[in-house]
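>
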Amino acid sequence: MSIARFWRETPRRYNLGGSKCTVCGTVYFPPRAVCPECTSHRQSIERMVPFQLSGEGEVISYTVVHDAAEGFDMQVPYALGLVRTPEGPVLTGQIVDIEPGEVRIGLKVRATFRKLREEGASGVIHYGYKFTPLDDSGVLPPARGPVGPVPGKDAPRAERSPA
Ligand SMILES: [Zn+2]
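First residue of the sequence shown: 232, per this note's numbering; consecutive thereafter.
(1) Run the proximity test for V254: is its beta-carbon closer than 6 Å to any non-hydrogen atom belonging to ligand 1?
(2) Taking only the alpha-carbon atoms, compute the straight-line gap between L417 and E277 and give it to the nearest angstrom.
(3) Would you mind stating whether P331 and A310 have Cβ atoms separated by less than 7 Å?
(4) What do you reckon, is the C-beta of T257 under 6 Å from a heavy atom of ligand 1?
(5) Between the alpha carbons of T241 and K251, how many angstroms are there, rounded?
(6) Give a yes or no on whether the C-beta atoms belonging to Y293 and V334 are separated by under 7 Å.
(7) For R273, which of helix, strand or coil comes out of DSSP?
(8) Taking buried to mean at least 16 other C-beta atoms within 10 Å of its own C-beta, is V307 buried or exposed?
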């Protein structure tokens, strides 16, 4: 399947479809039609094949963003990271489901598809990948909801009601 056809059939925003040079084995995301790694680019023409990234990777750099870009439905502050994939390409994306202050170099993450932003009047919703921590990375994802009684908040109702 040609790369052009691959893209028509597989919307880019919904997966991590890159391309791989069958001459030297280099993987690209976003995909390329020729391989800049090969000494002669002509060598790689017609030798690039679609390649699906696993979506897993490791944070190699990150920054904490305090000002959200207009139109982006993001909670600030948030962490924006550079993630090196085992396949080779380095991806940029928001790191979610973790406190920005807990993000660190070496954190293992996995790409997940989330709503990125919504255009006000048109209501067009953009999706893209973000990264969430992997459980085995040593950093636990935040609890998703109450984990137990909170003193002063979840006091047993019986204590406040006459018997
Ligand atoms: Zn190549």
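Virtual Cβ for every residue (Gly too), placed ideally from N, Cα, C.
This one's a predicted model, so the numbers in the text were calculated from it and none came from an experiment.
Let's see:
(1) yes
(2) Look at the range of the chain in this structure, 232 to 394, and you will see that residue 417 is not part of it.
(3) yes
(4) yes
(5) Because T241 carries a pLDDT of 47, less than 50, the predicted location of this residue cannot be relied on, and the following value inherits that uncertainty. Approximately 16 Å, taken between the alpha carbons.
(6) yes
(7) helix
(8) exposed
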